[in-house]
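There are 2 protein chains.
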Amino acid sequence: MRYTNEIIMGLAKTEIFSDQQNEIASFAKVFGHPARVAILQHLFKLNTCVCGDLVSEIGLAQPTISQHLKELKLLGLIKGSVEGTSVCYCINTEKWLEMKEIINQFLNQDISKQGDCC
Amino acid sequence: MRYTNEIIMGLAKTEIFSDQQNEIASFAKVFGHPARVAILQHLFKLNTCVCGDLVSEIGLAQPTISQHLKELKLLGLIKGSVEGTSVCYCINTEKWLEMKEIINQFLNQDISKQGDCC
DNA sequence: TTTGTATATCGCAATATTACGATTAATATT
DNA sequence: AATATTAATCGTAATATTGCGATATACAAA
């Protein structure tokens, strides 16, 4: 099969969308997996750094949790610091609020004007 | 490689998470792609059914748009109705509000108690 | 220094997702 | 009836994601 354009199969064509649209999608994607939702909820619940117990808490293998944490860290939603042999994680409040603002702006689009024509 | 448990590689282990966590993840996932963000924003902007012009508006091939619309319809976020040769789409307001409530509950977790210990 | 503990990384397997060309189906139009 | 238009579906290609075992790394304890 031939593609004349720069189409890389299986890869989202982010370049045709606005920065805002890509940003919304990136944030949504990161909590588009139940394990990452569970991790974030656990961090919120404890109100403090969580050191080590995430693996036993979530119920996935240690490398899998580590990978999910990496993705959350990459977007800046969590922070981590080494504490002896273990690593402690917590919510990055600034980034969380920034994300919340961006997602809310998307979710809170004025729905009242939507005609129910379909 | 052998797996004693019921691990199906590449598939999220949804069964170990709560319904709420899986629901949050499902909704987030669906707007975790810029094309679907763009489609939803366009539907909001027009305040009415959008018949046909989505392909030219978004800039992806017709089958690709059709596939994204299918995913949005599957979750119930949009409704479609046949209008002559074309199909008209609009936001499903009830489902949108339901989704908004669920995502907001997740985003609005009390961040004030988070100790900045990391 | 050796041993233990906790996390990260590597490598792999398998499914999921994204995208599009070709085709099909359904309805208008001529 | 033949043709045009529009959207859905099929098939395929290629990357992305998910998950875990094995290993590496880093630090603490004995």
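One line per chain: the protein sequences are A and B, in this order. Last residue of the first sequence: 118 (UniProt numbering), numbering continuous. Last residue of the second sequence: 118 (UniProt numbering), numbering continuous. Glycine is no exception: its CB is placed at the ideal position from the N, C-alpha and C atoms.
By the 16-neighbour rule on beta-carbons within 10 angstroms, A:K70 is exposed.
Nearest neighbour of B:S66 by Cα position, chosen from B:V87, B:I111, B:D110 and B:F27, turns out to be B:V87. At least 8 Å separates the beta-carbon of A:F31 from that of B:A38. Rounded to the nearest angstrom, the Cβ distance from B:C90 to B:I78 is 7 Å, consistent with a contact under 8 Å. DSSP places A:E23 in no beta strand (DSSP E) but in the uninterrupted alpha helix (DSSP H) bounded by D19 to V30. If you draw a 10 Å sphere on the C-beta of B:K113, you find fewer than 16 other C-beta atoms in it, and that means exposed. Chain A places a beta carbon closer than 8 Å to that of B:H33, counting this residue as a contact.
Rounded to whole angstroms, the gap between the alpha carbons of A:L60 and B:S18 is 14 Å. Distance from the Cα of A:Q109 is smallest, within the candidate group B:I58, B:E23 and B:M99, for B:M99. The continuous beta strand (DSSP E) containing B:E83 extends over residues I78 to E83. Taking every protein chain shown into account, the CB of B:P34 has 16 or more other CB atoms within 10 angstroms, so this residue is buried. In terms of beta-carbon proximity, B:L97 lines the interface with chain A, with at least one pair separated by less than 8 Å. At a Cβ-Cβ threshold of 8 Å, B:C118 and A:G80 count as neighbours. Listed along the chain, the chain A residues whose CB falls inside 7 Å of the CB of B:Q105 amount to none; the nearest CB is some 11 Å away. B:G52 does not reach chain A, its nearest Cβ partner there being about 14 Å away, counting only Cβ pairs nearer than 9 Å. According to the DSSP assignment, A:S112 belongs to no alpha helix (DSSP H), since it is labelled neither H nor E. Just measuring C-alpha positions, the residue of B:T93, B:I7, B:R36 and B:T85 sitting nearest A:G115 is B:T93. Per DSSP, reduced to three states, the secondary structure at B:I7 is coil, with no helix or strand assignment.
Looking at the DSSP output, A:V87 bridges to A:V82. B:S56 is outside the set of residues whose beta carbon lies under 8 Å from a beta carbon in chain A. Rounded to the nearest whole angstrom, the C-alpha separation of A:E15 and B:T14 is 32 Å. Under DSSP, B:V50 forms a beta bridge with B:Y89. DSSP places A:K70 in the uninterrupted alpha helix (DSSP H) bounded by Q62 to L75. Between B:A12 and A:A28 a beta carbon distance of about 16 Å is seen, past the 8 Å cut, so the two are scored as non-contacting. Non-local beta-carbon contacts of A:K95 in its own chain, meaning distances under 7 Å to residues more than five positions away in sequence, involve G76 and L77 in chain order.
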